[in-house]
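Visitor: Numbering-wise (my numbering), the sequence shown opens with residue 45 and increments by one.
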Amino acid sequence: MGRIVVLISGRGSNLEAIIGCAQRERWSHQIVAVVADRRLAPGLAFAERWKIPTIVVERADYPDREAFEQVLLQQLLALNPDVIALAGFLRVLGAALIERFAHRWINIHPSLLPAFPGLQTHRRALQAGVRVHGATVHLVTAALDAGPILAQAVVPVLPEDTETSLGQRVLLAEHQIFPRAIAWLADGRVRLRDGVLQWQGVDASERLLGVVA
Ligand code: GRF
45 MGRIVVLISG RGSNLEAIIG CAQRERWSHQ IVAVVADRRL APGLAFAERW
95 KIPTIVVERA DYPDREAFEQ VLLQQLLALN PDVIALAGFL RVLGAALIER
145 FAHRWINIHP SLLPAFPGLQ THRRALQAGV RVHGATVHLV TAALDAGPIL
195 AQAVVPVLPE DTETSLGQRV LLAEHQIFPR AIAWLADGRV RLRDGVLQWQ
245 GVDASERLLG VVA
């Protein structure tokens, strides 16, 4: 059984999707805690509803990033996670912390990486005029939004799309690919060896979700 920790900053719709998938598919893995960097993160309510322990490491309580990450590190060490899922955790983490749990971090990003790393991805996609947009699940490395890609969902951009409408369709796609990829990592069906992803029992087609407009 794998120990999964989910980190959030806000709404928590991806967290809700992960919890829902874990229950539907009767994962043998356990979501052992949800950690938020904001006491007021609305997503904490999903964890509480499902009796998943919550931990808050409020960034504003610490003088600098180092002090904040030191406390986060202690919490994570105590939780002993096999998978740490960044589900809308809006904070860039330092290389030392990433290294400490190397190959266990997994992130959802709302674009087809390597296009549009960083923030405001839907606005930038519309401005750029791309015809397809989407979401990416990747392993986390010290470089921002750049780790090896586990799964992608392709979402067509419609002529009438606004940032909101496009973002909503991408979010629905996120909810499909993220829990699935978390399960692969927790199952050991994907591993990173010498910088290369090694797959076992996951068909290449499962790593791509195409959303029809
Ligand atoms: C998602 O779009 C995710 O891709 C991005 O932040 C957003 C979080 O949404 N990293 P939610 O909190 O999971 O609803």
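We put the beta carbon where it would ideally sit given N, CA and C, even for glycine.
From a predicted model like this one, the values you see are computed outputs, not experimental measurements.
1. What is the DSSP secondary structure of residue 165, counted as helix, strand or coil?
2. Alpha carbon to alpha carbon, how far is residue 103 from residue 206?
3. Which first and last residues belong to the alpha helix (DSSP H) in which residue 224 is found?
4. From residue 92 to residue 73, what distance separates their C-alpha atoms?
5. With a threshold of 7 Å (Cβ to nearest heavy atom), would residue 59 be considered close to the ligand GRF?
6. Any idea if residue 256 is buried or exposed, counting beta-carbon neighbours within 10 angstroms, 16 or more meaning buried?
7. Just to confirm my understanding: we take residue 51, look at its own chain, exclude 5 residues before and 5 after, and list those with CB closer than 6 Å. What are they?
8. Where residue 55 and residue 215 are concerned, what is the direct C-alpha to C-alpha distance, given to the nearest angstrom?
9. Mind reading off the beta-carbon distance from residue 61 to residue 222? Whole number of angstroms is fine, and I expect it under 8 Å.
10. Distance check for residue 168 and residue 189, CA to CA, integer angstroms please.
Guide: Once the coordinates are examined:
1. In the structure shown, the three-state DSSP call for residue 165 is helix.
2. Taking the straight line joining both Cα atoms gives about 32 Å.
3. Counting along the chain, the alpha helix (DSSP H) containing residue 224 begins and ends at 207 to 231.
4. The alpha-carbon atoms of residue 92 and residue 73 are separated by roughly 18 Å.
5. Flag set: Cβ of residue 59 near the ligand GRF.
6. Exposed, since its Cβ has fewer than 16 Cβ neighbours within 10 Å.
7. For residue 51, where only same-chain residues beyond five positions count, the Cβ hits under 6 Å are 79, 130 and 133.
8. In a straight line, the C-alpha of residue 55 is about 12 Å away from that of residue 215.
9. Indeed, because the Cβ distance is near 7 Å, the residues count as touching under 8 Å.
10. So the alpha carbons of these two residues sit roughly 16 Å apart.
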